[in-house]
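S.K.: Before anything else, here's the structure in question.
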Amino acid sequence: MTITKKIQLDTNGNCDIIDITQQISNEIEGSNLETGIVTVFVAGSTAGVTTIEYESGLIADIKLFFENIAPQSIHYNHNIRWNDGNGHAHIRASILGPSITIPFTQKSLMLGTWQQIILIDFDNRPRSRQVILQLIGD
Amino acid sequence: MTITKKIQLDTNGNCDIIDITQQISNEIEGSNLETGIVTVFVAGSTAGVTTIEYESGLIADIKLFFENIAPQSIHYNHNIRWNDGNGHAHIRASILGPSITIPFTQKSLMLGTWQQIILIDFDNRPRSRQVILQLIGD
Amino acid sequence: MTITKKIQLDTNGNCDIIDITQQISNEIEGSNLETGIVTVFVAGSTAGVTTIEYESGLIADIKLFFENIAPQSIHYNHNIRWNDGNGHAHIRASILGPSITIPFTQKSLMLGTWQQIILIDFDNRPRSRQVILQLIGD
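Chains as they are written, first to last, in my numbering: chain A, 1 to 138; chain B, 1001 to 1138; chain C, 2001 to 2138.
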């Protein structure tokens, strides 16, 4: 059985990192599925999803990491073409990826104790984001 | 229900970036599924899949990005061992990942407006590629 | 139908790279599914999964790659906060991602000939790891 749920989020952009674990857990608990997978997918090409230990040190570290591998201020052909200044955001989002698939059993996400699901909004301005949860299972 | 489809592609290698969104959309429309997920998987260890805004500026930018984080011309132990000169391609493919899973409803991929599904062929020569689409849903 | 399996692994940490392809193949063969997807998910925030050509040259190369993009010895706010010295491991794990989804048909993983599924344990000490396999299909 397939169940589609959506989470609406307002972000600050600029590498804003939001813990969406609880909202995903709630949707699984509220469904009639016991066991399966949830595909967490962000529509849009300047945000991505992954897991992390959600604590302030690592949140700062991952922002520094992305600034290091795809700096905001270097030349991007995208910026020349569209003049919107978010070339770095597109590159970061493509390398991180827009989706993650996580198993659940007995209505619980099978995450580690210090493992949270996060959305990173790389865009250079506040955005309203739609995260799609596709639940498949029994 | 599970439905397996395959897309055959000829690439130029060398970071050739191919938009495969339409072919995936067509396979979903041609199936008897309304809602579910499609796992897009490239067989092989020198290519990967992700999403991007498919425009020429970003296509150039992402090639520069990969050349920056895993340059073609530096030392790779793989190249010493096999002498095929594609060590960079393997590293890039492993970090990007060979698969992506995307939800669909009412026979439509739930992508953003400027979000396309791409194959990147990192190998250092033209390749024939098989992309597997595993559709699961109702 | 959804089937949950678990693989228990002892790693050496420090970028230990373990080929888990055979164990995943065995679980698919031993199941009553013919066709579907397997989501391979590692619980924990300092390990990741991907595919690679599993040969000693590339195993050395990918360790060098991660040391290059997220060095162990630079400053991490996480290390200041927790004093456990594994900030680099968290960053590497988040960028690689904790899961991969792979299609199978006729009880066989649809991998390339030189494409193996690996766990990379980025933590700075030996760890016992649980890899979850969520099989969905028919």
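Ideal Cβ placement from N, Cα and C applies to all residues, glycine included.
All of these numbers come straight from a predicted model, not from anything done at the bench.
1) Please tell me whether S1128(B) has its Cβ less than 8 Å away from any Cβ of chain C.
2) Would you list, in chain order, the members of the region 48-60 of chain A that have their beta-carbon closer than 8 Å to a beta-carbon of chain C?
3) Is S2045(C) close to chain A? Criterion is C-beta to C-beta, closer than 8 Å.
4) Report the residues of the region 89-118 of chain A with a CB closer than 9 Å to any CB of chain C, ordered along the chain.
5) Less than 8 Å between the beta carbons of I2028(C) and K2107(C), yes or no?
6) Give me the chain B residues within the contact set of T2035(C), using Cβ-Cβ distance strictly less than 7 Å, ordered along the chain.
7) Nearest to G2013(C) by CA position, among R2092(C), K2063(C), D2121(C), is which residue?
8) In the structure shown, what three-state DSSP assignment does K1006(B) receive?
9) Starting from the Cα of E1055(B), find the closest Cα among S56(A), Q115(A), I80(A) and give me that residue.
10) Cβ closer than 9 Å: which chain B residues qualify as neighbours of D2019(C)?
11) From I74(A), L64(A), P103(A), T35(A), pick the residue whose C-alpha is nearest to that of H88(A); which is it?
12) Using a Cβ-Cβ cut-off of 7 Å (strictly less than) and excluding sequence neighbours within five positions of L1119(B), which residues of its own chain qualify?
13) If you compare alpha carbons, which of S1045(B), T1113(B), P1071(B), F1065(B) is closest to S1094(B)?
14) For D1138(B) and chain A, any beta-carbon pair shorter than 8 Å?
15) Note down, one range per segment and in chain order, each beta strand (DSSP E) of at least 3 residues found wholly within the region 10-84 of chain A.
16) If you check the beta carbons only, do N1086(B) and N1032(B) fall under 8 Å apart?
17) Rounded to the nearest angstrom, what separates I1136(B) and M1(A) at their Cα positions?
18) Around the C-beta of P103(A), are 16 or more other C-beta atoms found within 10 angstroms, so that it is buried, or is it exposed?
19) Are the Cβ atoms of T2101(C) and S1099(B) separated by less than 8 Å?
20) What whole-angstrom Cβ distance do I1003(B) and Q1023(B) have, given they're in contact under 8 Å?
21) Span of the beta strand (DSSP E) holding G1087(B)?
22) Of the choices R92(A), Q116(A), G97(A), whose alpha-carbon is the least far from that of L64(A)?
23) Can the beta-carbon of H2090(C) be found less than 8 Å from the beta-carbon of L109(A)?
24) Might you give, ordered along the chain, the residues of its own chain that have their beta carbon closer than 6 Å to the beta carbon of K2005(C), omitting 5 neighbours on each side?
25) Just how far apart, CA to CA, sit V1040(B) and T35(A)?
26) Would I1024(B) count as contacting chain A if we go by Cβ distances under 8 Å?
27) When DSSP labels each residue in this structure, what does D123(A) get in the three-state scheme?
28) Give the straight-line distance between the Cα atoms of D1138(B) and Q1116(B), rounded to the nearest whole angstrom.
29) Taking Cβ positions only, does I1062(B) come closer than 8 Å to chain A?
30) Our contact map puts G1097(B) next to G97(A) with C-beta atoms below 8 Å; I'd like the distance itself, whole angstroms only.
31) Does any C-beta atom of chain B lie closer than 8 Å to the C-beta of I2069(C)?
32) Kindly indicate which three-state DSSP category T2113(C) falls into: helix, strand or coil?
33) Rounded to the nearest angstrom, how far is the Cβ of N68(A) from that of D1061(B), given a contact under 8 Å?
34) Looking only at its own chain, which residues have a Cβ that is under 6 Å from the Cβ of F66(A), when we skip the five neighbours before and after it?
35) Taking just the CA atoms, how far does I52(A) sit from D2016(C)?
M.R.: If we stick to the structure as given:
1) no
2) T50, T51, I52, E53, E55, S56, G57, L58, A60
3) yes
4) Within the region 89-118 of chain A, the residues whose Cβ lies closer than 9 Å to some Cβ of chain C are I95, L96, G97, I100, T101, I102, P103, F104, T105, M110, L111, G112, T113, W114, Q115, Q116, I118, listed in chain order.
5) yes
6) Within 7 Å Cβ-Cβ: T1002, T1004.
7) D2121(C)
8) strand
9) I80(A)
10) Correct list: empty, because the minimum Cβ distance to chain B is about 13 Å.
11) I74(A)
12) L1009, I1018, I1020, V1042, A1047, V1049, R1129, V1131
13) S1045(B)
14) Yes, contact with chain A.
15) 16-19, 36-42, 47-52
16) Result no, Cβ atoms of N1086(B) and N1032(B) do not sit closer than 8 Å.
17) 10 Å
18) buried
19) yes
20) Not confirmed; about 15 Å, so no contact.
21) Careful: G1087(B) lies outside any beta strand (DSSP E), inside the alpha helix (DSSP H) at 1087-1096.
22) R92(A)
23) no
24) E2027, L2133
25) Inter-residue distance for V1040(B) and T35(A) is about 23 Å (C-alpha atoms, whole angstroms).
26) no
27) coil
28) 24 Å
29) For I1062(B), a Cβ of chain A is located within less than 8 Å of the residue's own Cβ.
30) Right, the Cβ-Cβ distance comes to about 7 Å (below 8 Å), so this counts as a contact.
31) Interface flag for I2069(C) against chain B is set, since a Cβ pair is found closer than 8 Å.
32) Reduced to three states, the DSSP call for T2113(C) is coil.
33) About 17 Å separates the Cβ atoms of N68(A) and D1061(B), ruling out a contact at the 8 Å cut-off.
34) R92
35) 20 Å
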